[in-house]
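Below is one structure, written out as structure tokens; the observations come after it.
Numbering (this note's numbering), first residue to last: 13 to 514.
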């Protein structure tokens with residue numbers, strides 16, 4: 013009997029890491045060593061050695077809890093890495109320290125007053141670390157037995173009968189390195205074990221107060237049980253000592269979350285909806301008093317976080333006055349603001365000030381300056397972005413892109429990385445060559461070429477705002493022809509050269 017050879021091809025896609033690539037997704041920290049010295053290329057950070065070192069000092073002070081109510085200004089030209097440094101600070105601080113990011117224009121686009129929006133942002137940046145002691149059962153699951161009994165036979169010793177149908181009953185065997193115990197399970201606990209997908213060999217924690225089951229991982233003794241393993245399987249040690257123990261549980265919540273939960277108008281459901289509205293000042297005063305009591309009793313500690321406001325020159329005098337007052341409060345976070353403006357008018361006024369910030373607030377700021385990137389730093393940044401976007405680029409193409417970045421802008425060159433990669437895929441190539449960079453350069457114009465194009469053809473655009481001519485100046489229609497001026501200049505140059513030769 014003939015047998016056909018049938019081949020089965022299957023492709024398995026790992027879905028554990030599906031992330032979007034953003035403008036600063038390659039930033040994983042400030043790139044400093046233990047002595048707070050900046051490294052050349054570390055954690056995605058390149059260049060800006062002085063600014064990174066300054067932010068490293070700020071990071072140390074925040075982690076040690078020695079700084080609060082301070083303000084730092086990141087000032088520099090566009091495209092010099094101000095937001096990248098702020099994101100690096102957020103990555104260094106980790107999840108336990110609140111880090112709130114907002115733009116200066118957000119306070120004008122919310123359905124609440126400007127001061128309320130800033131108040132909520134400030135209180136979101138202040139964390140409260142609450143310590144509680146709970147009785148828990150922690151051990152490795154040895155066996156789970158689940159039985160289904162008819163309702164007639166499921167009567168308890170007190171004569172209670174179950175509802176119509178069937179009732180689930182079970183037994184859970186837990187062990188540590190020193191003891192083993194069997195616990196009876198009810199229907200609710202069985203459902204929770206099923207929901208958490210707990211099986212034999214898992215290390216679990218059961219809160220005796222709430223009955224919540226948390227799976228910590230899989231025991232090292234089952235590390236060779238390949239059928240129960242996956243790509244994200246975490247192995248932990250089997251707990252030691254007694255099964256029942258008292259464990260400290262630390263919760264870190266923000267002051268704003270406590271405000272919302274205690275606000276009767278909103279309730280805790282507003283945390284999920286996002287529409288919290290305005291919260292009364294009386295509620296916040298009561299919460300501040302309660303937090304102060306917890307701090308005196310040793311039940312809670314304050315965690316000063318970071319409030320990062322980008323494009324801070326978009327704020328007006330009312331907002332700056334509020335920030336001045338907020339920095340003097342005991343519950344004030346570390347304020348980090350960034351701007352790319354020089355001497356500019358303060359929004360809503362006719363007064364000019366450095367960076368568009370009032371002088372009384374500038375006195376409170378520790379100013380960190382960022383400088384333009386050098387040629388080598390620009391090349392290294394583009395190489396980092398190529399690695400982040402999984403793009404293979406030839407050396408000569410990278411050199412050309414570096415030159416384009418220095419003559420146009422770094423942001424324009426970074427945008428060309430993925431477009432050049434798509435162009436290379438179009439011609440069935442896995443490597444970006446010079447021809448791909450040139451094609452993208454011709455397809456997508458930068459700001460300078462776009463401005464030049466507008467200046468040449470501005471009369472052909474609709475609603476074009478030309479400069480209003482004062483009396484005595486030529487009208488727009490009477491402007492000389494540019495091409496004629498260039499030809500006349502060339503003719504004059506030729507005549508002068510001929511005379512000099514004679």
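Every residue gets a Cβ at the ideal spot worked out from N, C-alpha and C, and that includes glycine. Just so you know, these numbers come straight off a predicted model, no measurement behind them.
7 Å CB neighbourhood of residue i in its chain, flanking five on each side removed
{"i": "residue 169", "result": "Its pLDDT being 44, under 50, residue 169 is placed unreliably by the model, and nothing is read from it."}
{"i": "residue 136", "result": "110, 112, 266, 268"}
{"i": "residue 303", "result": "140, 312"}
{"i": "residue 390", "result": "414, 417, 418, 422"}
{"i": "residue 432", "result": "444, 448, 449, 452"}
{"i": "residue 461", "result": "none"}
Cβ shell of residue i (< 6 Å), same chain only, five flanking positions each side left out
{"i": "residue 139", "result": "110, 264, 266, 315, 317"}
{"i": "residue 290", "result": "124, 128"}
{"i": "residue 436", "result": "444, 448"}
{"i": "residue 359", "result": "328"}
{"i": "residue 157", "result": "182, 183"}
{"i": "residue 353", "result": "325, 367, 368"}
{"i": "residue 393", "result": "58"}
{"i": "residue 373", "result": "332, 336"}
{"i": "residue 270", "result": "299"}
Residue i (DSSP reduced to helix, strand or coil)
{"i": "residue 210", "result": "coil"}
{"i": "residue 385", "result": "coil"}
{"i": "residue 339", "result": "coil"}
{"i": "residue 248", "result": "strand"}
{"i": "residue 232", "result": "helix"}
{"i": "residue 322", "result": "strand"}
{"i": "residue 25", "result": "Because the pLDDT at residue 25 is just 41, under 50, the model does not fix this residue reliably, and the value given afterwards should be weighed accordingly. If DSSP states are grouped into helix, strand and coil, residue 25 belongs with coil."}
{"i": "residue 88", "result": "strand"}
{"i": "residue 82", "result": "coil"}
{"i": "residue 53", "result": "strand"}
{"i": "residue 175", "result": "Confidence at residue 175 is low in this model, with a pLDDT of 47, below 50, so the placement of that residue is unreliable and no value is reported for it."}
{"i": "residue 333", "result": "helix"}
{"i": "residue 197", "result": "strand"}
{"i": "residue 327", "result": "coil"}
{"i": "residue 97", "result": "helix"}
{"i": "residue 218", "result": "strand"}
{"i": "residue 275", "result": "coil"}
{"i": "residue 548", "result": "Because the chain is modelled from 13 through 514, residue 548 falls outside the range shown and cannot be assessed."}
{"i": "residue 225", "result": "strand"}
{"i": "residue 428", "result": "helix"}
{"i": "residue 474", "result": "coil"}
{"i": "residue 44", "result": "strand"}
{"i": "residue 423", "result": "helix"}
{"i": "residue 180", "result": "strand"}
{"i": "residue 443", "result": "strand"}
Nearest candidate by alpha-carbon position, reference residue i, set the options
{"i": "residue 403", "options": "246, 86, 427", "result": "427"}
{"i": "residue 202", "options": "253, 56, 155", "result": "155"}
{"i": "residue 272", "options": "262, 260, 258, 299", "result": "299"}
{"i": "residue 130", "options": "96, 406, 336", "result": "336"}
{"i": "residue 196", "options": "247, 182, 295", "result": "182"}
{"i": "residue 227", "options": "235, 234, 214", "result": "214"}
{"i": "residue 446", "options": "455, 221, 408, 460", "result": "408"}
{"i": "residue 234", "options": "135, 94, 442, 250", "result": "250"}
{"i": "residue 44", "options": "61, 225, 399", "result": "61"}
{"i": "residue 66", "options": "430, 379, 423", "result": "379"}
{"i": "residue 151", "options": "354, 464, 230", "result": "230"}
{"i": "residue 119", "options": "321, 145, 381", "result": "321"}
{"i": "residue 296", "options": "50, 132, 473", "result": "132"}
{"i": "residue 33", "options": "397, 340, 258, 405", "result": "397"}
{"i": "residue 161", "options": "199, 338, 292", "result": "199"}
{"i": "residue 343", "options": "53, 70, 134, 86", "result": "134"}
{"i": "residue 193", "options": "383, 254, 106, 309", "result": "254"}
Segment limits, beta strand (DSSP E) that includes residue i
{"i": "residue 583", "result": "Residue 583 lies beyond the range of the chain shown here (13 to 514); nothing can be said about it."}
{"i": "residue 263", "result": "256 to 266"}
{"i": "residue 190", "result": "Here residue 190 belongs to no beta strand (DSSP E), and DSSP marks it neither H nor E."}
{"i": "residue 357", "result": "355 to 357"}
{"i": "residue 313", "result": "312 to 316"}
Extent of the continuous alpha helix (DSSP H) run through residue i
{"i": "residue 307", "result": "293 to 309"}
{"i": "residue 364", "result": "Taken as a continuous stretch (DSSP letters only), residue 364 belongs to no alpha helix (DSSP H), being part of the beta strand (DSSP E) at 364 to 366."}
{"i": "residue 463", "result": "459 to 468"}
{"i": "residue 447", "result": "446 to 455"}
{"i": "residue 371", "result": "371 to 374"}
Cutoff 8 Å; reference residue i; Cβ partners in own chain excluding five residues on either side
{"i": "residue 356", "result": "325, 364, 365, 367, 368"}
{"i": "residue 72", "result": "48"}
{"i": "residue 39", "result": "55, 56, 57, 96, 99, 100, 103"}
{"i": "residue 421", "result": "90, 91, 458, 459"}
Near the ligand NAD: residue i beta-carbon under 8 Å from a heavy atom
{"i": "residue 446", "result": "Although the ligand NAD was asked about, the structure shown includes no ligands whatsoever."}
Uninterrupted alpha helix (DSSP H) stretches inside the stretch 103 to 173 (no shorter than 4 residues): 126 to 136
Unbroken stretches of the alpha helix (DSSP H), 4 residues or longer, contained in the stretch 376 to 421: Entirely contained in the stretch 376 to 421, the alpha helix (DSSP H) runs reaching 4 residues are, in chain order, 387 to 400, 407 to 419.
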